[in-house]
Structure formats: C-alpha cells, structure tokens
Amino acid sequence: MAEILLKDLYKTYGETPAVRGIDLTIAENEFVVLVGPSGCGKTTTLRMIAGLEHITAGDIFIGDRLINDVPPRDRNIAMVFQNYALYPHMTVYENMSFGLRLRKVQKGEIDIRVKEAAEILNIEELLERRPKQLSGGQRQRVAMGRAIVRNPQAFLFDEPLSNLDAKLRVQMRTEIKRIHQRVKTTVVYVTHDQVEAMSLADRIVVMNNGIIEQVGPPQEMYDNPKTRFVAGFIGSPAMNFVPCKLTTNGDGLSIKLTDGVDLKVPGEREKRYRPHVDRDLILGIRPEHLTECRQHTNEQQQDFGCDVSVLEPMGIDTMVFMEIANVEVCARAAPDAVKNPGETMTFTIDMQKMHLIDPSTDTVL
Amino acid sequence: MSMNRLVGETYSKRLFVFWIPLFLFVFVLLFPFFWMLITSIKTDAELYNRRISPFLVRDPTLDHWKLLFNDTLFVQWAWNTLWVACASTGISLFAGVLGGYALSRLVFPGSTIFSIWIFITYLVPPALLFIPLTGVMSFLGLHDSRLSLVFSYPTFLVPFCIWLLIGYFQTIPKELEECARIDGATRIQAMVKIVFPLAIPGILSAGIFAFTLSWNEFLYALVFLSSPENKTVPVGVTGELVLGDVFFWGPLMAGALFGSVPIAIIYSFFVEHYVSGMTGAVKG
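Residue numbers (my numbering), protein chains in the order written: chain U, 1 to 365; chain H, 1001 to 1284.
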C-alpha cells in the first residue's frame, strides 16, 4: 500500500518513442486505470512500473523509494498478466505460494496466507489442481490469488479480462472491484476497453500516442472531456463530431451546421465561446443527448428534422443513424418513437450537453 | 480409438489407408533387426548354405556371441562408446541449453547474426572438418585418445542442440519468467525453476538426439582412433571383424544388434517426451 509517482517518464525502442513524458501520481489505495488504443504506451508504462522494461528517462517512485534501477523482485509489487502466466508445472497451491517460498516465508505462514486468499477468491477446492485443469475464469482467480498472497505495495493488471468471453468478463469485472474493496491496495490497471475503465476506476488515465490526454474520475471524463480524443474515446457509442460554424445571432450566439440547421448556444456558455465567433469548429454531441423529439425539460433542448438512414435496435434503445452536414451521426431514441429508414424524423438535441472543439488544436473549448 | 467411429470409414478403406501401410512401414523398419538376430545365431555352415531358406534358423548357436564377447575387445568398445557418448552429450546439452536460452531470450547486439552463424557451422560436413580437426587433436596431444571424440563431437552436437532448444524455449511464454521475476525470483532462479522444468521435453529430445549421433558416429572415430582398445563400437566392429575381404558375419551382426539395443531402449523409454519435444507444446 503505497503511493506511486511517475515523473517525466520516457521510453523509446531504438528510434521509436513509446512513452513520451508521463507525469502521474497514484494515491495510496487508489484504483487507477490506464486506458487507450493499442500502441498508446499504456502497457509499456505498466511494465516500467513493474521493472520489466528499462526506463529511457524519468523517475518512478513507489512509496518514497526511487526504483528506477531496482530489479522487479525487490519492488514489492504483484502483476496479473493477460494470459495469466500460471506456472503449468505447479499446482494452484504451488503457484500461489511460489513468491512466498522464494522469500523464505515460514511454511505455516504460507499455508495461512494461501488459504486466506483462496477463500477471498472462492477457489479453496481448486488448490490441488494444475492450471491445465482450470477454466478461464478460474485461472483468472488463481492469477489474482497469487498476487494477493504476496500482500504487495501495489497490484498491476495488464488487460486481465481480455481473454475471457463477454459474459465472464462482466462477472470478473465486478469481482475485481469487490476484491479491491476488501483487499485495500494501490492498483494500476491497463485496458483498452473504456467500459472496463469507467466501471472499475477511481481515476481514469486516458493515453494516446505515448502521452496522457486527460486524468480524472470516470464521470468527469464523460462529462467534461478536455480533448477531442478523450471525447471520442470515452462513451459508447462514441460521441458524434459534426463540422459547424459559430455565428452571432442577435444578442446571442448560434451554431450553424453546413446544411443549414441552426442551433442556439446556451446563454451561460456565450462568454466562453465569444472569442471564437466566425470560426469553423466541430460540434461534439453524444448519441444519448440526441434523441427522438421530446417534451423539453429545459429551454436548451432544440428540435430539428432529419432523414433516417439505418436503425440498430439494442432493446432498451434504438440507435438511429442519419446524415447531418455530410457526416454520419448516431442518435439514441426510444424504440417506439423511431421512423423507418428513408422517412423524416424529428430529433431533440440537448445543447447543454454539447461540446465545441477547436479543430486546429483538437481541444474542447 | 476414435477412428472406428469416423463417419463413412469402412473396414476395407481403413485396411488400405491405415493397416497395410502401417504393416509395410513396420516390416521395413524391423527387418534389419530380424536379419541381424538370425544371422548372429546361425552356425557358419547354415549361414553359407544357399540351398536352405535364409529366413529360418535350424540349429541356433551362441558361438558368434561368445566369440564377440570373449575373443574381441567388444566390451571395451561398448564401454568406450558409452563413455564418449555420455560425455559429449553432457557437454553439448550444457552448452546447448545455455546458448539456446540466451539466443531465444536475451536481446544483445548481433544475437540474430550469431544464431545464423551457429546454424552455418552445423552445415559444414564432417568429411571436410575432420582434416583440420586432426591437426587440432595432434596439437592438443589427444591423438588416439577417447577425449579427441569428446571434444570433436560437440562441433556438430552443440549447434544442433542450440537450434533445437532456441525453438523450444520460444514456445514457453515470456510472461511466465516475467511473472516469476516479479514474484521474487532472480533471472537465474526464473530460468532454473520455471523455464527449465517446462523445457524438459525439448532438453530430452536434444539429449537423445545428441546421444544417438555420438553413439553412431563413424568418421571421426575412424580417423582419430587407431589402437583397438580405444575404438568405439561402430569402428571396432567394422574394423576388427572384417579382415581384408573376410567378413565375420555372425559376430558382426551380433555386435551390430547389441550396439543398437541401448538406443532403442532409450527411445522407447522417453518416446512421449520426445514427441512433445519435437512438436514443441507448452500450454499455459
């Protein structure tokens, strides 16, 4: 249980940069999820914390200790790998006790700790089995058990759920959260799945191209993304991006889409957007804030009509795809309110939830 | 066997695609052993009588075996062969395991070129290599010594072992070792406690192969050894039991049979490990 501090961390493979200057403080007992597309440097960052990759530049502290040149075994961390990395020639019990045996912990003590971890994970009856005889979910539990018995300062997870089928993944996600609530410890968790990140994290770190795009609690990442990348990455289905122009409209401001739709900017945002009048910008709106025509609950909800092109029923909602200003846009509508493809449907857009993005810097204004 | 239940597999089809080819294969493989056996227990009179069937033994005798063990240095040759094969296999495995591990796991400048060069040394035919090696052995004062073989066999065994083991080590997931190192193992401990136990099928295959190659080796043994008491089985049997144009077929075949038995025993003993070693199979 300790704080982890990454200071101006760099990693290059030959000429190729993988991580380009990361600063991050992970608080004691915090569950931090590094998320991003493949090749964004999240796994490399995790492996540098584990000591499996050399640091090109920068510092890593665990607790107060600088660990740049400390070998992995002396960092007092535990890691769960994507393929679980269970030792095939050892039983579950031997797998879980391997680290303790190497550290010459007393036999009785080992037994107590393994049994305790097995009980937390519900794998007491599997202790004599070999990894080959376990299912995917059971292997996953054993891999976590091996980490828990060591009682390390931090847990590192490298995409631990991506080898499981969809149903089991959701189940194990809850399990991981439950275990973290029971075994309080610092967790650094890497995934490419933003749903996993949202549901598990105390704080999410979105990475892209070797740098951190934004750090924050899940809800904040969803509500107030700072860059176009984060806006598009967090949330499913992804946020719609429509080219637009900011214009004055009497006293107020309005957003003009290229095909003529005119949307009024909420009053409280006018001051923020005023310096960007007459610029070409990008309107960002999530599908859930673009719905079938509804009775307005606030005055920032505005209506417009559009032709439906494709429907994707999800059960609870139906995704409606249409074309606005030559861009495919997705709306989330109530199943009984949708029109057939080809017909015109009226939509309500909640302007309080929209974002304006500066295309020259890709930042949210 | 699940074959019985295959849809559309009739008995006659299985006879033609499975049993007959299998029988032919086994027959071809086992016939030399049968021939060695019956030749070694026939009397000379029966052996050279062309009017009786050569596949039957009418009057079995152990004379040839007695001659082989009592009147030749065969026991000494067998001992020499065993000694040389064990020593050179041991050396080659030691170098092969470490070399294979290093070339499959550690990234160091020139590691790729190095492994290609190792392969190229394996391609140099012994029939060329024995010429310079003779000079080396005289220089080392090892001429006509069993040690000359112990040191020369690794020239082809080490590259072979390294190449087989590079491939095998690559099938063992890197994460296992990384996990062990995080769990508290040093690189050496991770290698000894995690990688080597998982590589046993591969190491056994390399060992069996190396042992067989050195057990059967002929050329170096013929060139480097001259005293009868230092010879190995292949050279001893063919050298001392063929005098001019006279072939002592009975003892010759007895020696050949006796010489191939240890290898057959080793193979049958480790066959399962051996097969999985050649196909490289570690599942996590």
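Even glycine gets a Cβ: it sits at the ideal position worked out from N, Cα and C.
Keep in mind the model is a prediction, meaning the values are calculated, not measured.
| Check | Outcome |
| --- | --- |
| C-alpha gap between P88 of chain U and R139 of chain U, whole angstroms | 11 Å |
| CA-to-CA distance, F1270 of chain H to T1010 of chain H, given in whole angstroms | 34 Å |
| Pairwise C-alpha distance: C1179 of chain H and P17 of chain U | 25 Å |
| Residue ranges of each alpha helix (DSSP H) within the segment 210 to 237 of chain U, 4 or longer | 218 to 223 and 228 to 233 |
| CB contact check: A1185 of chain H to chain U, cutoff 8 Å | yes |
| Cβ contact (3+ pairs, closer than 8 Å) linking the segment 128 to 137 of chain U and the segment 151 to 158 of chain U | no |
| Residue-chain proximity (P1109 of chain H, chain U), Cβ-Cβ < 8 Å | no |
| Contact between the segment 231 to 242 of chain U and the segment 284 to 304 of chain U (3+ Cβ pairs under 8 Å) | yes |
| Best match in H:T1186, H:S1227, H:L1149 and H:I1265 for proximity to L52 of chain U [C-alpha to C-alpha] | H:T1186 |
| is_contact[P1197 of chain H, chain U] using C-beta, thresh 8 Å | yes |
| Secondary structure of A334 of chain U, DSSP reduced to three states | coil |
| For K1042 of chain H, the residue or residues it bridges with in DSSP | Answer is none; K1042 of chain H lacks a bridge partner. |
| Residue ranges of each alpha helix (DSSP H) within the segment 231 to 299 of chain U, 4 or longer | 270 to 273 |
| Proximal residues to F304 of chain U (C-beta, below 8 Å), its chain only, five neighbours per side dropped | V261, L263, T346, F347 and I349 |
| Which residues DSSP lists as bridging E328 of chain U, in chain order | U:E323 |
| Minimum C-alpha distance to S1227 of chain H - residue among H:M1191, H:S1145 and H:A1206 | H:S1145 |
| Member of U:K245, U:N249 and U:V265 whose CA lies at the smallest distance from the CA of K256 of chain U | U:K245 |
| Helix, strand or coil at F1016 of chain H according to DSSP, with G and I counted as helix | helix |
| First through last residue of the alpha helix (DSSP H) which encompasses K366 of chain U | Past the edges of chain U, shown from 1 to 365, lies residue 366 of chain U, and the structure says nothing about it. |
| C-beta atoms of P225 of chain U and Q352 of chain U nearer than 8 Å | no |
| Proximal residues of chain H, C-beta to C-beta of I77 of chain U below 9 Å | I1182 |
| Pick from U:M207, U:T174 and U:N95 that is closest to V33 of chain U, judged by C-alpha positions | U:M207 |
| Any C-beta of chain U under 8 Å from that of I1203 of chain H | no |
| Own chain residues within Cβ distance below 8 Å of T344 of chain U, not counting five before or after | G305, C306, D307 and V308 |
| Proximity winner among U:M322, U:G342, U:I316 and U:V327, relative to K336 of chain U (alpha-carbon distances) | It should be pointed out that residue 336 of chain U corresponds to Asp in this sequence rather than to Lys. Of the listed residues, the one whose Cα sits closest to D336 of chain U is U:I316. |
| Neighbour-count burial assignment, N1049 of chain H, 16 or more Cβ in a 10 Å radius | exposed |
| Outcome for P1251 of chain H when other beta-carbon atoms lying within 10 angstroms are tallied against a minimum of 16 | buried |
| Closest residue to L126 of chain U among U:R203, U:K104 and U:V92 (Cα-Cα distance) | U:V92 |
| Residues near M1003 of chain H in its chain [Cβ-Cβ closer than 6 Å; skip 5 each side] | Residue confidence for M1003 of chain H is low, a pLDDT of 48 falling below 50, so the modelled location carries little weight and cannot support an answer. |
| Inter-residue spacing [alpha-carbon to alpha-carbon] between D202 of chain U and H276 of chain U | 35 Å |
| Local conformation of P1262 of chain H per DSSP, three classes | helix |
| Spatially closest choice to G41 of chain U from U:E128, U:E28, U:I55 and U:N29, by CA coordinates | U:I55 |
| Rounded C-alpha distance that separates L1147 of chain H from N1216 of chain H | 17 Å |
| Candidates U:M144, U:Q82 and U:T45: closest to V183 of chain U by CA position | U:M144 |
| Through-space distance from W1065 of chain H to L1072 of chain H, alpha-carbon basis | Reading off the sequence, residue 1072 of chain H comes out as Thr, not Leu. Taking the straight line from one Cα to the other gives about 10 Å. |
| Per DSSP, the bridge partner or partners of K11 of chain U | U:V19 |
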